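Using the numbering used here, the final residue of the sequence shown is 178, and nothing's skipped along the way.
Structure first, then comments.
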Amino acid sequence: GTEACKLMMFYSIQFLGVQRFFVKISESNFASRQMFDRVLKFKQCHYAKCFQEYELEFVCTEKESIGLLREWNANVDVSFSALYPFCSFDFFDAPKSSATANCDS
74 GTEACKLMMF
84 YSIQFLGVQR
94 FFVKISESNF
104 ASRQMFDRVL
114 KFKQCHYAKC
124 FQEYELEFVC
134 TEKESIGLLR
144 EWNANVDVSF
154 SALYPFCSFD
164 FFDAPKSSAT
174 ANCDS
């Protein structure tokens, strides 16, 4: 689950410009709460007592996203760049305003 979430978040941040992720997790789902809270750095924003659900969010600033993506890329089993063999990623080394992926057609 963790690797899949990291890949989905990486793609969403890098290619879709997503800046906020939001999850609702049942009070009894301790494993998911741990993953989103401790591993993926989501913060609790609300608790819905009537549904017994925690609501967590991850708000992604550009500085945070670069740091997290760099950390995730270093620790993930499969390099993100291996997923896109026809693309050259300059995201991690690019200046803040020009974080792009250049793909050959």
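For every residue, glycine included, the Cβ atom is placed at its ideal position computed from N, Cα and C.
Remember, predicted model here, so these are calculated numbers, not experimental data.
Minimum C-alpha distance to residue i - residue among the options
i, options, result
"Gln125", "Ser99, Met81, Phe83 and Arg143", "Ser99"
"Leu141", "Tyr120, Ala77 and Met82", "Met82"
"Glu135", "Arg106, Glu76, Val91 and Ala77", "Val91"
"Lys116", "Phe103, Lys122, Asn102 and Val132", "Val132"
"Met108", "Arg143, Thr75 and Glu144", "Thr75"
Assigned exposure category for residue i - 16 Cβ within 10 Å defines buried
i, result
"Lys79", "buried"
"Leu89", "exposed"
"Phe162", "Because the pLDDT of Phe162 is 45, which lies under 50, any placement of that residue in the model is unreliable, and the number read from its coordinates should be weighed accordingly. Its Cβ being crowded by 16 or more others within 10 Å, Phe162 is buried."
Distance between beta carbons of residue j and residue i, contact taken as under 8 Å
i, j, result
"Cys118", "Glu137", "The pair is not a contact, with the Cβ atoms about 16 Å apart (cut-off 8 Å)."
Residue i to residue j span [Cα, whole Å]
i, j, result
"Val96", "Glu128", "6 Å"
"Tyr84", "Leu113", "15 Å"
"Phe153", "Arg93", "The predicted position of Phe153 is uncertain, since its pLDDT is 49 and thus under 50; no value can be drawn from it."
"Ala104", "Asp110", "10 Å"
"Ile86", "Arg106", "22 Å"
"Asn183", "Ile139", "With the chain covering 74 to 178 only, the question about residue 183 has no answer from this structure."
Proximity test, residue i beta-carbon vs the ligand FMN heavy atom, cut-off 7 Å
i, result
"Cys118", "Among the components modelled here there is no ligand, and therefore nothing to report on the ligand FMN."
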